[in-house]
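Asker: Input: one structure, supplied below.
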Amino acid sequence: MDPEAEQAARTARESLDLAFHMSNILDTGLDRHTLSVLIALCDLGLNPEALAAVVKELQREPSPMPIVPTSSSPH
Amino acid sequence: MEEEDQRKLTDLVVELVRRLLSQNPLNPQTPYSDPDLRSPHFQQSLSYAVRILSSRLTPSIAPDAAAIAESIKRRLATEGKSADALTFADLYAKFASKTGPGSVNNKWAVLYLLKIISEDRKSARNGLDSSVFLPNLALNGVEGENSSRVLRGRESREKGWSNGVLLVAKDPENLRDIAFKELVNVVKEENEVSEEVLVRDVLYACQGIDGKHVKFDSDVDGYVLSDSIKVPKATRIMVRKLCELGWLFRKVKGYISESMDQFPAEDVGTVGQAFCAALQDELSEYYKLLAVLEAQAMNPIPLVSENASSGNYLSLRRLSVWFAEPMVKMRLMAVLVDKCRVLRGGAMAGAIHLHAQHGDPLVHDFMRRLLRRVCSPLFEMVRSWVLEGELEDIFAEFFIVGQPVKAESLWREGYRLHAGMLPSFISQSLAQRILRTGKSINFLRVCCDDRGWADTATEAAAAAGTTTRRGGLGYGETDALESLVVEAAKRIDKHLLDVMYKRYRFKEHCLAIKRYLLLGQGDFVQYLMDVVGPELSEPANTISSFKLAGLLESAIRSSNAQYDDPDILDRLRVKMMPHGSGDRGWDVFSLEYDARVPLDTVFTESVMTRYLRIFNFLWKLRRVEHALIGAWKTMKPNCITSHSFNKLQHAVKLQLLSTLRRCQVLWDEMNHFVSNLQYYIMFEVLEVSWSDFSSEMEVAKDLDDLLAAHEKYLHSIVEKSLLGERSQNLYKSLFVLFDLILRFRSHADRLYEGIHELQARTVDSSLPSRDKNKSRKQTNDRSSEPGTWLSDGRKALTQRAGEFLRNMQQDLDAISKEYTSLLEGFLAQLPVQQHIDLKFLLFRLDFTEFYRQLHPTK
Numbered sequence: 001m002d003p004e005a006e007q008a009a010r011t012a013r014e015s016l017d018l019a020f021h022m023s024n025i026l027d028t029g030l031d032r033h034t035l036s037v038l039i040a041l042c043d044l045g046l047n048p049e050a051l052a053a054v055v056k057e058l059q060r061e062p063s064p065m066p067i068v069p070t071s072s073s074p075h
Numbered sequence: 001m002e003e004e005d006q007r008k009l010t011d012l013v014v015e016l017v018r019r020l021l022s023q024n025p026l027n028p029q030t031p032y033s034d035p036d037l038r039s040p041h042f043q044q045s046l047s048y049a050v051r052i053l054s055s056r057l058t059p060s061i062a063p064d065a066a067a068i069a070e071s072i073k074r075r076l077a078t079e080g081k082s083a084d085a086l087t088f089a090d091l092y093a094k095f096a097s098k099t100g101p102g103s104v105n106n107k108w109a110v111l112y113l114l115k116i117i118s119e120d121r122k123s124a125r126n127g128l129d130s131s132v133f134l135p136n137l138a139l140n141g142v143e144g145e146n147s148s149r150v151l152r153g154r155e156s157r158e159k160g161w162s163n164g165v166l167l168v169a170k171d172p173e174n175l176r177d178i179a180f181k182e183l184v185n186v187v188k189e190e191n192e193v194s195e196e197v198l199v200r201d202v203l204y205a206c207q208g209i210d211g212k213h214v215k216f217d218s219d220v221d222g223y224v225l226s227d228s229i230k231v232p233k234a235t236r237i238m239v240r241k242l243c244e245l246g247w248l249f250r251k252v253k254g255y256i257s258e259s260m261d262q263f264p265a266e267d268v269g270t271v272g273q274a275f276c277a278a279l280q281d282e283l284s285e286y287y288k289l290l291a292v293l294e295a296q297a298m299n300p301i302p303l304v305s306e307n308a309s310s311g312n313y314l315s316l317r318r319l320s321v322w323f324a325e326p327m328v329k330m331r332l333m334a335v336l337v338d339k340c341r342v343l344r345g346g347a348m349a350g351a352i353h354l355h356a357q358h359g360d361p362l363v364h365d366f367m368r369r370l371l372r373r374v375c376s377p378l379f380e381m382v383r384s385w386v387l388e389g390e391l392e393d394i395f396a397e398f399f400i401v402g403q404p405v406k407a408e409s410l411w412r413e414g415y416r417l418h419a420g421m422l423p424s425f426i427s428q429s430l431a432q433r434i435l436r437t438g439k440s441i442n443f444l445r446v447c448c449d450d451r452g453w454a455d456t457a458t459e460a461a462a463a464a465g466t467t468t469r470r471g472g473l474g475y476g477e478t479d480a481l482e483s484l485v486v487e488a489a490k491r492i493d494k495h496l497l498d499v500m501y502k503r504y505r506f507k508e509h510c511l512a513i514k515r516y517l518l519l520g521q522g523d524f525v526q527y528l529m530d531v532v533g534p535e536l537s538e539p540a541n542t543i544s545s546f547k548l549a550g551l552l553e554s555a556i557r558s559s560n561a562q563y564d565d566p567d568i569l570d571r572l573r574v575k576m577m578p579h580g581s582g583d584r585g586w587d588v589f590s591l592e593y594d595a596r597v598p599l600d601t602v603f604t605e606s607v608m609t610r611y612l613r614i615f616n617f618l619w620k621l622r623r624v625e626h627a628l629i630g631a632w633k634t635m636k637p638n639c640i641t642s643h644s645f646n647k648l649q650h651a652v653k654l655q656l657l658s659t660l661r662r663c664q665v666l667w668d669e670m671n672h673f674v675s676n677l678q679y680y681i682m683f684e685v686l687e688v689s690w691s692d693f694s695s696e697m698e699v700a701k702d703l704d705d706l707l708a709a710h711e712k713y714l715h716s717i718v719e720k721s722l723l724g725e726r727s728q729n730l731y732k733s734l735f736v737l738f739d740l741i742l743r744f745r746s747h748a749d750r751l752y753e754g755i756h757e758l759q760a761r762t763v764d765s766s767l768p769s770r771d772k773n774k775s776r777k778q779t780n781d782r783s784s785e786p787g788t789w790l791s792d793g794r795k796a797l798t799q800r801a802g803e804f805l806r807n808m809q810q811d812l813d814a815i816s817k818e819y820t821s822l823l824e825g826f827l828a829q830l831p832v833q834q835h836i837d838l839k840f841l842l843f844r845l846d847f848t849e850f851y852r853q854l855h856p857t858k
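As structure tokens, then:
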């Protein structure tokens, strides 16, 4: 592994650590893995508000389930 | 590339949904396990997530990571988790510093995401998010701004306006950008000094130090920006306003250092020292804030257009927000300092307490904290006073003042309340109670030589739920204080009364005083009167008090008093009052009772003087009664047999009989008066007062009650026995009456002497053998006439007898007349008296309404 990639990996890990810490302080209830997925999604340019809405809705399972009609699947 | 991103995105979304569902404890089918990717539930969730994601493609706020971090920090701080806020700031600083490959590119998005999730969770827990409804402007300013921006963003997005700010920032040709740049130039031109410098100066000023531009101006009496510097007027005013804190700080700080260093300790006192210490603590809190602010002041202030690289900068406006709370506190402290400059001790605590009545919870809490500290020395004093009787008051701050006095006046004068030092949160009655409790302890210790109170005090403290150690009480626990005082007072007073009653036999001594000084013991008084009577008829200066003491002793021994406690009898003494030249023994003789410590607290000198007055009155009354009884002994009708006068001339015989009759009637009248008066004094004054006193003694809860009861007892006796101020005239006429009765007695004696003589003569004339016997008697006789009768014949005898009887009759007439008028005067005065019992006396004296009918005009 070349040193540059190694450096990048370490930075990524540390960033994730820091973000996880902050997340714990804020008491978001996210685990590390979920957080990393969310960070990746953010990096891809998704709207954080929308992501937060997803987290909120899916954590509040299963109440939204009946509202979603199966027929209205997108794409 | 696009394709790959899309695929990656889909994968990630699937992964996210999977993670979230597996985490969800509410998931009914497969808790804590990987959900089946093909299950309809999962598919539903996934499609729901995708729908949400695709519906909101753009964020509603400008991407500013620092601002978001700042807002999160504020929120944590306002929630009271300052430690978390600090940790978060630290983490964020590190997080932001990660740049380059591998780091998170979209930092603001991550932060924003975390923020929203945490808020969502919180509001889900709390039901609703209070910050949306009631943004606290002073503290949540930034957050409020953000949320309103979010709201605005949402609205505008619906209108179709997408990522406005983002676009503006990216376009260098934009008009707004140009305008911002111009603004920056204008600002720079207007301000000679940058805002950072001013902020730093203001921070200095707030610590009482002159800055580079902001200096203390003694003319204006405040910190001002020097005139030579060109800044807009608004800035100047702002600086001036912010520097009020510095001025206040100077004042408080000045007071503290003055009190701590310059004044001698006596001028400040422990309460003052406690106040200073409390202020010092508040100031160190203030220093902490200033240190944080100073660190923040190092960050450059971005102008509008410049990219916000750091959220932690301090502008003058931000400073004014930060200063809002310390300003309130500092103002309060300055007011207190002003108020307390001349006060000390309890007065100071009271003055501070007055300021604690405030509706603002911030002020209220602050004052409570302060007062707890300030009052702790005071409460400590109360505690040690109530439980140990110690007056630990070196600097004269306590509301109880002690002064060195003799043991007998310790209770009355030893300690008193100092109204000026009584803080207003201790009520007057509580203060009285505190005073009395400590006084009781001291009294027990000094006068009664008692050690039992210590156990009682410990018991009281245990009952009140506080320990006897120091620092058990504080401000705001007035209830606890009161219950402690009440418990202690109850027990110690009870203990004191126990000691008084049991060990010092207060009741027995009172009874002894009543029996001997108030002549309650009849046989003793009778005997004493018999024994000392002849002695007391001598002129006062020839009487030896030693002899009288001996006579007293024999009176005790020959009456029932001999069975009394020797300790009590031992205290009974004869006292000769200072006498003038003409006084007889009767005028100066009195009895005295030596109460000794600690009973002399009750029987003080002035009390004993009053007892003495009562004694003198009663003694005189007794003497008059005694004299009348003595007269009766000679007057008894059977002593003179009328047949022995048969030989007398008829006229003389008639005269004799009428004189005798006259004398009898007068005696009867006097006897009626004296015995009724005697009865009234004994049964309606002394016994009634005593029974009242006894029952009050039973219910007395403390020594003050006892003293009051005794005072009342004595007062009622004095008032009812005509010895009071208002019955002076009555008392005087009564004494004239007494003197008259005594005079009557000597006249009656003389009359009967003469009659006996006459009788003897008439018998003699028929029986000369008795001549010798009679003549010897005659030489001893004090009567002036007898010598002349001896040699005269029967005629001369008759003539002399007639003359003698005439004289006597005249005397008796004079006395009778005087007596009638005096008695009339006395009776006329009775109804004028205030005291209700005196009316009963009148009723008793004039039972048959004889006197009223005699003088119907009255």
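If you're matching them up, the sequences are chains V and R in order.
At the far end of the first sequence sits residue 75, using the UniProt record's numbering, and the numbering has no gaps.
At the far end of the second sequence sits residue 858, using the UniProt record's numbering, and the numbering has no gaps.
Where a beta carbon is used, it is the ideal one built from N, C-alpha and C, also for glycine.
(1) Quick one, are the C-beta atoms of residue 859 of chain R and R/Glu397 less than 7 Å apart?
(2) On the DSSP letters alone, give me the boundaries of the beta strand (DSSP E) that V/Ser36 sits inside.
(3) Quick one, are the C-beta atoms of R/Lys107 and R/Ala65 less than 7 Å apart?
(4) Tell me, to the nearest whole angstrom, how far the beta carbon of R/Leu293 is from that of R/Leu198; I am working on the premise that it is less than 8 Å.
(5) Nearest-angstrom Cα distance between R/Phe804 and R/Gln655?
(6) If you check the beta carbons only, do R/Phe615 and R/Leu517 fall under 7 Å apart?
(7) Among R/Pro539, R/Ala561, R/Leu572, which one has its Cα closest to the Cα of R/Ala549?
(8) In its own chain, which residues sit with a C-beta less than 6 Å from the C-beta of V/Phe20, not counting the 5 before and 5 after it?
(9) Comparing C-alpha positions only, which one of R/Lys251, R/Glu244, R/Ala540 sits nearest to R/Ser581?
(10) Taking R/Ser54 as the reference, which of R/Trp385, R/Phe42, R/Val13 has the closest Cα?
(11) Rounded to a whole number of angstroms, what is the C-alpha to C-alpha distance between R/Ser22 and V/Gln7?
(12) Does any C-beta atom of chain V lie closer than 7 Å to the C-beta of R/Phe88?
(13) Report, in whole angstroms, the separation of the C-beta atoms of R/Ala709 and R/Glu719, which I expect to be a contact under 8 Å.
(14) Compare the C-alpha of R/Asn299 against each of R/Ser658, R/His358, R/Tyr313, R/Glu388 and name the closest.
(15) With distance defined between alpha-carbon atoms, name the residue in R/Arg745, R/Val624, R/Lys8, R/Asp84 nearest to V/Leu26.
(16) Would R/Ser440 be called buried (16 or more neighbouring beta carbons within 10 Å of its own) or exposed?
(17) Where do the ends of the alpha helix (DSSP H) carrying R/Phe683 lie?
(18) In the DSSP assignment, the beta strand (DSSP E) including R/Asp217 goes from what residue to what residue?
(19) Is the beta carbon of R/Val624 less than 7 Å from the beta carbon of R/Ile741?
(20) Identify, in the order they occur along the chain, each residue of the same chain with its Cβ nearer than 7 Å to the Cβ of R/Val531, setting aside the five sequence neighbours on each side.
(21) Among R/Leu417, R/Trp411, R/Glu392, R/Val386, which one has its Cα closest to the Cα of R/Ile400?
(22) Hey, R/Cys375 and R/Ala349: beta-carbon distance below 7 Å or not?
(23) Whole angstroms are fine: how far does the CA of R/His364 sit from the CA of residue 859 of chain R?
(24) Quick check on this structure: which residue in R/Gly269, R/Thr99, R/Phe738, R/Leu707 has the alpha carbon closest to the alpha carbon of R/Val674?
(25) I'd like to know if R/Glu4 contacts chain V, where contact means its C-beta is closer than 7 Å to some C-beta of that chain.
(26) Starting from R/Ile400, trace the beta strand (DSSP E) both ways and give me its first and last residue.
(27) Where do the ends of the beta strand (DSSP E) carrying R/Met576 lie?
(28) Out of curiosity, what's the CA-to-CA distance linking R/Tyr679 and R/Leu841?
(29) By the 7 Å beta-carbon criterion, what residues does the segment 267-282 of chain R contribute toward chain V?
(30) State buried or exposed for R/Ile178, treating a residue as buried only when at least 16 other CB atoms are found within 10 Å of its CB.
(31) Where does R/Pro566 sit, in a helix, a strand or coil, going by DSSP?
(32) Buried or exposed for R/Val699, please, with buried defined as at least 16 other CB atoms from any protein chain shown within 10 angstroms of its CB.
(33) Does any residue of chain V have a CB that is nearer than 7 Å to the CB of R/Ser82?
(34) When the Cα of R/Ala461 is compared with those of R/Arg412, R/Glu711, R/Ala480, R/Cys448, which residue comes out closest?
(35) What are the start and end residues of the alpha helix (DSSP H) that includes R/Val199?
(36) Within the continuous beta strand (DSSP E) that includes residue 859 of chain R, where are the two ends?
Answerer: Short version:
(1) This structure cannot settle anything about residue 859 of chain R, because the visible part of chain R is limited to 1 through 858.
(2) Working through the first sequence from its first residue, we reach residue 36 of chain V at position 36. Element bounds for V/Ser36: not the beta strand (DSSP E) but the alpha helix (DSSP H), 32-43.
(3) Against the second sequence, residue 107 of chain R aligns to sequence position 107. Against the second sequence, residue 65 of chain R aligns to sequence position 65. Judged by beta-carbon spacing, R/Ala65 lies within the 7 Å limit of R/Lys107, meaning their Cβ atoms are closer than that value.
(4) Within the second sequence, the letter at position 293 stands for residue 293 of chain R. Within the second sequence, the letter at position 198 stands for residue 198 of chain R. About 13 Å; that fails the 8 Å criterion.
(5) As a first step, residue 804 of chain R is located in the second sequence; it is residue number 804 there, counting from the start. As a first step, residue 655 of chain R is located in the second sequence; it is residue number 655 there, counting from the start. Using only the alpha carbons, I get a separation of about 10 Å.
(6) Taking the second sequence and counting its residues from 1, the one referred to as residue 615 of chain R is at position 615. Taking the second sequence and counting its residues from 1, the one referred to as residue 517 of chain R is at position 517. The answer is yes: Cβ separation under 7 Å.
(7) On the second sequence, residue 549 of chain R is found 549 positions in, with the first residue counted as 1. Closest in alpha carbon position to R/Ala549, among R/Pro539, R/Ala561, R/Leu572, is R/Leu572.
(8) In the first sequence, counting from the first residue as 1, residue 20 of chain V sits at position 20. Excluding residues within five positions, the ones whose Cβ falls inside 6 Å are Arg32, Leu35.
(9) As a first step, residue 581 of chain R is located in the second sequence; it is residue number 581 there, counting from the start. It is R/Ala540 whose Cα lies nearest to the Cα of R/Ser581.
(10) For the purposes of this step, residue 54 of chain R is taken as the residue at position 54 of the second sequence. Out of R/Trp385, R/Phe42, R/Val13, R/Val13 has the C-alpha closest to the C-alpha of R/Ser54.
(11) By one-based count along the second sequence, residue 22 of chain R stands at place 22. By one-based count along the first sequence, residue 7 of chain V stands at place 7. C-alpha separation (whole angstroms): 33 Å.
(12) Counting from one through the second sequence, the residue named residue 88 of chain R turns up at place 88. Chain V, which has a Cβ nearer than 7 Å to the Cβ of R/Phe88, makes this yes.
(13) The residue you call residue 709 of chain R lines up with position 709 of the second sequence. The residue you call residue 719 of chain R lines up with position 719 of the second sequence. Rounded, the Cβ-Cβ distance is 16 Å, inconsistent with contact.
(14) Your numbering for residue 299 of chain R matches position 299 in the second sequence. Per the C-alpha coordinates, the member of R/Ser658, R/His358, R/Tyr313, R/Glu388 positioned closest to R/Asn299 is R/Tyr313.
(15) Position 26 of the first sequence, counted from the first residue, corresponds to residue 26 of chain V. The residue among R/Arg745, R/Val624, R/Lys8, R/Asp84 with its C-alpha nearest the C-alpha of V/Leu26 is R/Asp84.
(16) Position 440 of the second sequence, counted from the first residue, corresponds to residue 440 of chain R. Around the Cβ of R/Ser440, a 10 Å sphere holds 16 or more other Cβ atoms; the residue is buried.
(17) For this step, residue 683 of chain R is matched to residue 683 along the second sequence. Careful: R/Phe683 lies outside any alpha helix (DSSP H) and carries neither H nor E.
(18) Working through the second sequence from its first residue, we reach residue 217 of chain R at position 217. Bounds of the beta strand (DSSP E) holding R/Asp217 are 214-217.
(19) As a position in the second sequence, residue 624 of chain R is number 624, starting the count at 1. As a position in the second sequence, residue 741 of chain R is number 741, starting the count at 1. Closer than 7 Å, so yes.
(20) Walking along the second sequence from the start, residue 531 of chain R turns up at place 531. Taken in chain order, the residues that qualify are Leu551, Ser554, Ala555.
(21) Residue 400 of chain R sits at position 400 when you count from the first residue of the second sequence. Out of R/Leu417, R/Trp411, R/Glu392, R/Val386, R/Leu417 has the C-alpha closest to the C-alpha of R/Ile400.
(22) Here the question's residue 375 of chain R lines up with position 375 in the second sequence. Here the question's residue 349 of chain R lines up with position 349 in the second sequence. Less than 7 Å divides the Cβ of R/Cys375 from the Cβ of R/Ala349.
(23) Since the first residue of chain R shown is 1 and the last is 858, residue 859 of chain R is not available in this structure.
(24) Along the second sequence, one-based indexing puts residue 674 of chain R at 674. The shortest C-alpha to C-alpha distance from R/Val674 to any of R/Gly269, R/Thr99, R/Phe738, R/Leu707 is the one to R/Phe738.
(25) Locating residue 4 of chain R in the second sequence gives position 4, counting from the first residue. Closer than 7 Å: no.
(26) What you label residue 400 of chain R is simply residue 400 of the second sequence in a count that begins at 1. Here the beta strand (DSSP E) through R/Ile400 covers 400-402.
(27) Within the second sequence, the letter at position 576 stands for residue 576 of chain R. For R/Met576, the enclosing beta strand (DSSP E) covers residues 572-576.
(28) Numbered from its first residue, the second sequence carries residue 679 of chain R at position 679. Numbered from its first residue, the second sequence carries residue 841 of chain R at position 841. About 9 Å.
(29) Taking 7 Å as the Cβ-Cβ cut-off against chain V, none of the residues of the segment 267-282 of chain R qualify.
(30) Within the second sequence, the letter at position 178 stands for residue 178 of chain R. Answer is exposed; the Cβ neighbour count stays below 16.
(31) Numbered from 1 along the second sequence, position 566 holds the residue referred to as residue 566 of chain R. Helix, per DSSP.
(32) Numbered from 1 along the second sequence, position 699 holds the residue referred to as residue 699 of chain R. With fewer than 16 other Cβ atoms within 10 Å, it is exposed.
(33) Translated into positions along the second sequence, residue 82 of chain R becomes position 82. Judged by the 7 Å Cβ criterion, R/Ser82 is not in contact with chain V.
(34) Position 461 of the second sequence, counted from the first residue, corresponds to residue 461 of chain R. Distance from the Cα of R/Ala461 is smallest, within the candidate group R/Arg412, R/Glu711, R/Ala480, R/Cys448, for R/Ala480.
(35) For this step, residue 199 of chain R is matched to residue 199 along the second sequence. First-last of the alpha helix (DSSP H) with R/Val199: 195-205.
(36) Since the first residue of chain R shown is 1 and the last is 858, residue 859 of chain R is not available in this structure.
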